[in-house]
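Down below is the structure, laid out as structure tokens.
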Amino acid sequence: MGESFHEQLMLDANFLRTDRRLDTELVDKLILQLNRIYPQILTDKEATKFRNLDVPTCVRLGELLTHLQGQGEEACREFYRALHLHVEEVYFSLPTRLRLRDSSDPLAYPANYKQRYVLNDRGPGFFLGCFSAAVAMAFLYYYGESRLTGGSRTLGMAALGLKRKAEEVLIWYTEESLLN
39 MGESFHEQLM LDANFLRTDR RLDTELVDKL ILQLNRIYPQ ILTDKEATKF
89 RNLDVPTCVR LGELLTHLQG QGEEACREFY RALHLHVEEV YFSLPTRLRL
139 RDSSDPLAYP ANYKQRYVLN DRGPGFFLGC FSAAVAMAFL YYYGESRLTG
189 GSRTLGMAAL GLKRKAEEVL IWYTEESLLN
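Numbering-wise (our numbering), the sequence shown opens with residue 39 and increments by one.
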């Protein structure tokens, strides 16, 4: 790691100020961690100042980061340790962490980290619609036209929105049942 924690905090400060995942509760946890574990970094008076709920969270976080940069390398390192402990997803998405991860071994993993294993991104409504259509078709096929009137007409109408092969099978079934 070529950069010091102080330099890294200077580079990450803008990202931390604008990240919406750092809400009031998480900022308070970070302040309390620094105050209770390392009172030489953040005294009780300073912690009370940074935990003032009358001041917006982004302003309090900005002031805290500026204060920690003024405290030196040890304070910056302990801030990163508290961030890693309480808000791990933010810690690993910091620009300096992403750069270190990407530069360590660029051949090990592809650079596309955002893509997840999503098979269908249309949501549960789409799944339920497709599942209910499949159940309805299976129901019609199982009971056949002898027990349900209009079953062949329903299958003929269902064929309108399907692919060519499925459409041919449903129309063939409809025509065959009409001839009998």
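C-beta: ideal position from N, C-alpha, C; glycine also.
(Q) Check whether the stretch 74-85 and the stretch 41-58 are in contact - that is, three or more C-beta pairs closer than 8 angstroms. (A) no
Q) Do you know how far the Cα of P162 is from the Cα of A176? A) 21 angstroms
Q. Which whole-angstrom value is the C-beta distance of H124 and L68, which I expect to be below 8 angstroms?
A. 6 angstroms
Q: Could you please give the first and the last residue of the uninterrupted alpha helix (DSSP H) stretch that includes E112?
A: Counting along the chain, E112 sits inside the alpha helix (DSSP H) bounded by residues E111 to H124.
Q: Drop a sphere of 10 angstroms on the beta-carbon of Q78, count the other beta-carbons inside from all chains shown, and report buried for 16 or more, exposed for fewer.
A: exposed
(Q) Is it buried or exposed, A113, if we count other Cβ atoms within 10 angstroms and call 16 or more buried? (A) buried
Q) Does the distance from the CB of T62 to the CB of T95 come in under 8 angstroms? A) yes
Q. Nearest-angstrom Cα distance between E101 and F130?
A. 22 angstroms
Q) Is S170 helix, strand or coil by DSSP? A) helix
Q. Pick from Q109, H122, F164 and L121: whose alpha carbon is nearest that of L80?
A. Q109
Q: Please look up how many angstroms separate the CB atoms of L99 and V128, rounded, as I've assumed it's under 8 angstroms.
A: Their Cβ separation, rounded to whole angstroms, is 11 angstroms, which puts L99 and V128 out of contact at 8 angstroms.
Q) Which residue comes first and which comes last in the alpha helix (DSSP H) that contains L68? A) That run of the alpha helix (DSSP H) goes T62 to I75.
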